[in-house]
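Enquirer: Residue numbers (the working numbering): 79 to 452.
Note that beta-carbon positions come from the ideal geometry of N, C-alpha and C, so glycine has one too.
#1: For the region 147-231, list the beta strand (DSSP E) runs that are entirely contained and at least 3 residues long, ordered along the chain.
#2: Once the 5 residues before and after residue 430 are set aside, which same chain residues still bring their CB inside 7 Å of it?
#3: Beta-carbon separation of residue 257 and residue 230 under 8 Å?
#4: Select from 202, 427, 186, 362 the residue whose C-alpha is nearest the C-alpha of residue 376.
#5: Among 227, 203, 393, 136, whose alpha-carbon lies nearest the alpha-carbon of residue 183?
#6: Please classify residue 88 as buried or exposed, where buried requires at least 16 neighbouring CB atoms within 10 angstroms.
#7: By Cβ distance below 7 Å, which residues in the same chain neighbour residue 133 in space, the five residues on each side in sequence not counted?
#8: Quick one, which of 402, 83, 327, 130 has its alpha-carbon nearest residue 254's?
#9: What does the alpha-carbon distance come out to for the pair residue 203 and residue 269?
#10: At 4 residues or longer, what runs of the alpha helix (DSSP H) sit wholly inside the region 341-421?
#11: Quick check on the burial criterion: 16 or more other C-beta atoms within 10 angstroms. Buried or exposed for residue 274?
#12: Which class does residue 85 belong to by DSSP, given the choice of helix, strand or coil?
#13: So within the region 232-285, which uninterrupted beta strand (DSSP E) runs reach at least 3 residues, ignoring any that extend past its ends?
#14: Starting from residue 312, trace the alpha helix (DSSP H) in both directions and tell me its first and last residue.
#15: Under 8 Å, do residue 297 and residue 213 count as touching if we go by C-beta distance?
#16: Go through its chain and collect everything with a Cβ distance to residue 278's Cβ below 6 Å, but skip five positions before and after it.
#17: Determine the contact status of residue 351 and residue 415, defining contact as a CB-CB distance below 8 Å.
#18: In whole angstroms, what is the alpha-carbon distance linking residue 407 and residue 194?
#19: Label residue 287 either buried or exposed according to how many other C-beta atoms from any shown protein chain fall within 10 Å of its C-beta, with 16 as the threshold for buried.
#20: Taking the beta carbon of residue 97 as the centre, do at least 16 other beta carbons fall within 10 Å, making it buried, or is it exposed?
#21: What's the C-alpha gap between residue 337 and residue 245?
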């Protein structure tokens, strides 16, 4: 599953089934459907742990908590094995309110529904790598059940189309996450380029300097600041650059090591193309200049007029709710992403030409050698 909306729909269905029983449950029966109220709270909490907090998941959790307290007496009767003889007026009113809130959120999820997509739709495959460590001592692959401080997503194209000499590395802004940049990653992979995306939560680099630095809340906290405290947010550009320099350095080191492990065909190491967004406008060119031996070129998304949501990733695909705040419509056909990916790829060196030059040079060397032998 590439999007949290499916989990949210499951919880909404549980709430509707739980509260609508006031219309069809016969009295004199054990009220087993009341168990859905605590389960919905648990699932809503897991939803936030799995995908992070956002507008819909927080509202959904509040609805679930309200439903739980509405069903609290019914739940006590159920665990005691008692039969239902009637529903009180207060319970019925509470259940109706829960249904109203649930249908309201369901309507918003339908209207602002994200575009669902999977790696297989683009002829690619995805690998998720969990890392432990920090920026001071470096990162390593996490052991099973070990706490992770970073997540790397590797999007690999079909082997028949892969271009091994160049690898894209996307550095997400912190008011977004990996999902918000995957549309671009999949489009680049569709054209034959491996793509790395990284997200770091190490304790030695802080973004909010409070509890909202936790990976479950960081994105939501920075989005709220970006939306409603825009001036203060923009004034932190130098601070963001300092942090992004560390992330870029760690990301490039990981990509180099990971690619070396996979180079079993004797070919040279690939060159990296670093793609940055608003927060890394300064950091990406600076770190790339320091590592020019491995970084082929850089691309800054904000330099393209086709990129309409600076700092958010491609939310016209993944989060139309925030996109609507800027008067932008849902991009169901990936038009913006496709156009931007095309422009980025057009700037890439022509590998086939390089191969032809190498072949012609080897042929020329062979001819010279034959002439010398003669």
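Expert: Taking the definition as stated:
#1: 202-212, 216-219
#2: Any reading at residue 430 must be qualified, since the residue scores a pLDDT of 42, below 50, and its modelled position is unreliable; the value itself is stated next. Around residue 430: no qualifying Cβ.
#3: no
#4: 362
#5: 136
#6: exposed
#7: 399
#8: 130
#9: 13 Å
#10: 361-368, 393-396, 398-403
#11: buried
#12: helix
#13: 244-248, 273-278
#14: 308-312
#15: no
#16: 228, 325
#17: no
#18: 16 Å
#19: exposed
#20: buried
#21: 9 Å
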